Structure formats: C-alpha cells, structure tokens
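J.: This is the structure I have questions about; it appears just below.
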C-alpha cells in the first residue's frame, strides 16, 4: 500500500516545488529595477539635504518651524535654534544667493552688503555668530552680556502670541558673563587666523598666548565680524545685583569685549531689569554714555578707525520730552548712533488678541512697529545726519523695512519674525525689499541707500527751515523797533486785574520783547526768563508755553544743523557741549543782525507787531517739526 502511494507523494512534492519556484521568480527584483530604486533613494536624500541647507526653502517655514513649535515651548525652541546655528558649517543652512547691489547700506563709513540685521536677544552668549552671518544677515548683534554670569528670571519667561505674530519675554538678562563671551570671541578669531595664515603673517599658533594679540593686528579693512560687508555688535547689560546708578558694568564690558566688536551697544531700555530704564533719563544717561565713550577711546588700537562705534538702545514708549533728553545726551557725550527701539511694556491700544497678552515683560513683534516708528520720527530731526539710527521693532516684511528707511533709519534689525519664519527669514525679507524698492515710486535713487539719504536730507531740510524761522524770531526779538507794551499782552491774553497790576503800574511804557534792561519789569517777570525764575500768577500760561517751546527749539538750533543761518556745531564755551539758549544767541549776535542804537520812536501798531508764527505755536496749531 505504501509502495503504491509513493508515486502520488512524489508527484505532489514536485508540484509544490514548481509552485514555490514560480512564486520566487515572480517576486525577484531585476537589476534595472534595483538600480532605479537606489538612485531614487539617494536622489531624494540628496534633494532633501540640499533643500535643508538652502535657507530659501519653504521646508523651514512651513514644515520644520511648525513642528518645532508644536513639540517645544518658546524658550526650548529658542535654545534649539541657537544650538543648530552654532554647529559646524556642514550642519547648518546657508543663504547661497548674492545680495542685490541695491541693498547696499552705509553705516558711518562702513558699507554693508545689506541692511537687514538680527537684534540682540537671539544669540545672547555669542554662540552662533557665523551661523547667523551664513543666513545672510548684514549685521549681527549678540547679547545682552552682563559682567558676571546670571540665570535671569524664573521660568516660564518667554511666551508666544501667535495670533499677533508677537512674543513677550521677561528673560532678565540671562547671560554666561563677560569671560565666557570673551573666550568665544577669541576662539573665533584664532580659528579664522589659523585658516587664513597669509592675513596674519606674524601669528605663531604654537604660542599658547599669541591669540590674544590677534585682535590688535587685523588686516586693514577687515571688520571685527571677520566678514567684509558685515558688522558684529556686542550688546552690554548690567547685572541684576548691581546698583541702579552704577555704570561700572558697562565700562567693564567695553574694556573686555570692545576690542572684538565693530559696534558696542549700551542697553538701558530692557524692561526686565529693575531700575534699568531709569538710566535713559537726562543727566544719568549723559554720565553713563560719557563714561562708555571714554572707556572706548582708551582701548588700544593701531588704527582709530578700527575702534568700535558706541550706540545706545532706547525704549519705544517714551514721551517726547524724554526723547529730546536722550538726543541731547547723545550729542553731548559723543555717542555715534541710536537703536530705536527695544520691547514695549504697553498693552493698551495695540489690538492684542492672544491669550498671553497680559504676561509681564517686553512685547515685541508687529504691534511694536507704530510705537517704534513714532519714536524714530521724533528722534531723527533732533540728531545730525552723521549720527545714524538703527530701526528695530515689528519688522516682518520688506515693506516694513522700507518704512523704517523712509523714517530715517540707516539699517534695520529683526528678531521676532525671524523666530516665527525660521532660517529663511533674512533671504525672504531681502527679496521682498528689492521688490518694494522696484514697486515704490521713490524718485531719484531707488536703492536702499538712496531712500535713506532722501529721508535724512528731508529731515535735515525741515530742521533747517525751522532754524531759519527761529533766527528770524530772534532778530525780531532783538530789534529795538519791535516794542510791545506789556499791557497789550495782558489785555490780549485775558489776564485779570490782579495779574495786570502785578506786572507794574506803568501801563503806558513799552518794553522790548524779551529784554528787561532799563525797564520797570524785573528779569523774572520777562516772558523769556526761565520758567523757574517766574513767580506764580506773574507769567501768562501762553507765555509759559512759548518759553517751553523756545527751550526745546534751542536744541535744534544749537546742534549744528543750521550752519547756514549762523549757528555753531561746536560745544559752548563752558565745555559742556550744551546748545546756547536763544537769548544767548541773540545777545552774542550769532546769526543775528546787530541791534540799532536805541531810539525814542513810539511803539508800532499792534497789527504790525503781531508775530503770526509765534501765535500759531503758542496756540498749539503748529509743531516745531
């Protein structure tokens, strides 16, 4: 029986082997198919890698950044970005497109390839300088750096406001300190020297201390950024434990880090360090900036032009009088530039809708732009064209950047939009800026530098016209023919009988406008005496307004903008650099005709005496600028 069944078993086994063989043959990949699959895999990987390394790719903004934001909080994603950009050149994306020539910008006597910078706060400890330059930024600012390491404020301290494309931070100057930052800057310079030996012929890498002298022997024309057409700035802060009125933290920063920077930024406007913003006020700011400039001037340098420029960074939520005080301190201290602006502590009226809008800290992003532009427009006419302003606040598009140029900013900085859009931000905003320059009918030079020059010249011309008006007013005041009876001023301004009596019993006498010698009116009663010298109930309110206006206007007249009308740009004889008052200008005859001998002709009629321009100012119908 078994012998009869054996053929059947053999037949079944043979059939099975045949089926297996056929199935194996049907699934076997041909050499051509294997090659195509390998090429597809390799090509896709190469394309993905190339797409990653190209900062222009939409992969970063529309895939990588949303994923990162979904799995990390704001501060974690910030640290991740810094780590990525601090890696070796092989591991980080790059802007591979040459900048359009129309994007060239001038900052002092330095030419930048483009006017787009990254603001302080992103790379606090100078870890990712070259990574940021590789992304195409023309200006990189690191910091704020404090003398001693400090952790900053407790977490959470960084909040996204996605519906507003904004963020709020209260970091509180978390910093690794001066020494760690110095070590990174020195290491960066040493590696550059070792890779460019022909530029440092006297450098001996085997000498362990030779790297310290490299910064004093840079090739002529090479900026501290180590990249032609780019600038490196170091933002200085102060430790939380330092006294509010102590300026030594900034002086230490200048001495230690200044030699490695093209620009030194004095940060007195962060809202997250107690008492810091108080340094923006008048005399305190002047003292601070003067000490910083003195420290900078004392830095060893073989070439004066290699010394870092000193810039002060101010807040956007300042009153007009505060901005005027800052302008005065900048002019008198020798500071070379201003950054407008830092974050704002304001929330009302900004139209915020995000859940974290009421978190304590500084707000940055598009809601800040109107405040920063207003501060910029207020400050620009108070400074000579030789002192540039760097615009910062809410810059998201090329059109935003152009708005700052039209307001008088020489270059711009961004931070928040960079965080939202990723590594392609710099290239994107530069491309948009070129489009905006093409679309806007700007007239004349349609380059970035041309727009900045047009706006700066327009501000200077406006200031000059105001200066001419003021000089004419001074001439009128000085003229012996411009006699106005004090009783007429009393009657015109509606003063009461008691006030009228306080001005003197002799109503018939005429006195020169703004002059008290030989009259029955004391100097403190003169409408042009300092307000502090005027008694209550003595000077009409409108005269107080006029006095205040002339006090503000004298800053413009005395800063050197109006040379064509006889004012001087040099400091006063007191050595303080304070602009002369209008009375001093009149008394000295600078830019004003000498007075004629006094005569006894009767006062001219009121219709001829009226100064329409002054009346417009006193009524609030006309602004100085």
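Residue numbers (this note's numbering): 987 to 1611.
Quick reminder that beta carbons are idealized off the backbone N, C-alpha and C, glycines included.
Note that this is a predicted model, so its numbers are computed, not measured.
1. Determine the DSSP secondary structure at residue 1152, reduced to helix, strand or coil.
2. Using the C-alpha atoms, what's the distance from residue 1374 back to residue 1303?
3. Roughly how many angstroms separate the alpha carbons of residue 1196 and residue 1173, rounded to a whole number?
4. Taking the straight line between their C-alpha atoms, what separation do you get for residue 1226 and residue 1161?
5. Check the C-beta distance from residue 1099 over to residue 1215 and give it rounded, since I have them as a contact under 8 Å.
6. To the nearest angstrom, report how far apart residue 1438 and residue 1395 are at their CA atoms.
7. Compare the Cα-Cα distances from residue 1150 to each of 1306, 1271, 1349 and report the closest residue.
8. With distances taken between CB atoms, is the gap from residue 1364 to residue 1306 smaller than 8 Å?
9. Quick test of your reading: residue 1223 and residue 1159, contact by CB under 8 Å. State the CB separation rounded to the nearest angstrom.
10. Per DSSP, residue 1177 forms a beta bridge with which residues?
11. Output needed for residue 1321: all residues of its chain with C-beta closer than 6 Å, excluding positions within five of it in sequence on either side, in chain order.
12. Kindly indicate which three-state DSSP category residue 1246 falls into: helix, strand or coil?
13. Measuring only the C-alpha atoms, how far is residue 1258 from residue 1137?
14. Can you round the beta-carbon distance between residue 1240 and residue 1281 to whole angstroms, since I take them to be within the 8 Å contact cut?
15. Compute the distance between the beta-carbons of residue 1086 and residue 1420, then report whether it is under 8 Å.
16. Residue 1088 by DSSP, collapsed to three states: which one?
17. Can you tell me the Cα-Cα spacing of residue 1301 and residue 1105, whole angstroms?
18. Could one say the Cβ of residue 1153 lies closer than 8 Å to chain D's Cβ atoms, at least one of them?
19. Would you decide whether residue 1177 is buried or exposed? Buried here means 16 or more other CB atoms lie within 10 Å of its CB.
20. Throw me the rounded Cβ distance for the residue 1146 and residue 1155 pair, which I believe falls under 8 Å.
21. Does residue 1323 come out as helix, strand or coil in the three-state DSSP assignment?
22. Would you report the Cα separation of residue 1328 and residue 1193, rounded to the nearest angstrom?
23. So, for residue 1213: in the same chain, excluding its five sequence neighbours on each side, which residues have a beta-carbon less than 6 Å away from its beta-carbon?
24. Just reading off the alpha helix (DSSP H) that residue 1067 is part of, what are its end residues?
25. If you count every other CB in all the chains shown that lies within 10 Å of the CB of residue 1339, and 16 or more means buried, which is it?
26. With distances taken Cα to Cα, identify the nearest neighbour of residue 1403 among 1426, 1318, 1379.
27. Applying the 10 Å Cβ sphere with the 16-neighbour rule, what's the burial state of residue 1091?
28. Taking 8 Å as the threshold, find out whether the region 1179-1186 comes into contact with the region 1061-1079 through three or more Cβ pairs.
29. So, helix, strand or coil for residue 1449, using DSSP?
30. Any idea if residue 1219 is buried or exposed, counting beta-carbon neighbours within 10 angstroms, 16 or more meaning buried?
31. On a Cα-Cα basis, can you pick out the residue from 1414, 1454, 1191 that is closest to residue 1084?
32. Confirm, please, whether the CB-CB distance from residue 1116 to residue 1128 is below 8 Å.
33. How many Å lie between residue 1133 and residue 1165 at the Cα?
34. Since residue 1049 sits in a beta bridge, which residues does DSSP pair it with?
35. Tell me the start and end of each unbroken beta strand (DSSP E) in the region 1250-1312 that is at least 3 residues and wholly inside, in chain order.
36. Using CA atoms only, rank isn't needed, just tell me which of 1390, 1385, 1459 is closest to residue 1426.
T.: Straight from the coordinates:
1. strand
2. 20 Å
3. 12 Å
4. 11 Å
5. 4 Å
6. 7 Å
7. 1349
8. yes
9. 5 Å
10. Residue 1177 pairs with nothing; no bridge assigned.
11. 1275, 1296, 1298
12. helix
13. 13 Å
14. 4 Å
15. yes
16. helix
17. 14 Å
18. In the displayed structure, chain D is absent; only one protein chain is listed.
19. exposed
20. Wrong, their Cβ atoms sit about 10 Å apart, outside the cutoff.
21. strand
22. 43 Å
23. 1119
24. 1060-1072
25. exposed
26. 1379
27. buried
28. no
29. helix
30. buried
31. 1414
32. no
33. 8 Å
34. Residue 1049 is not bridged to any residue.
35. 1295-1300
36. 1385
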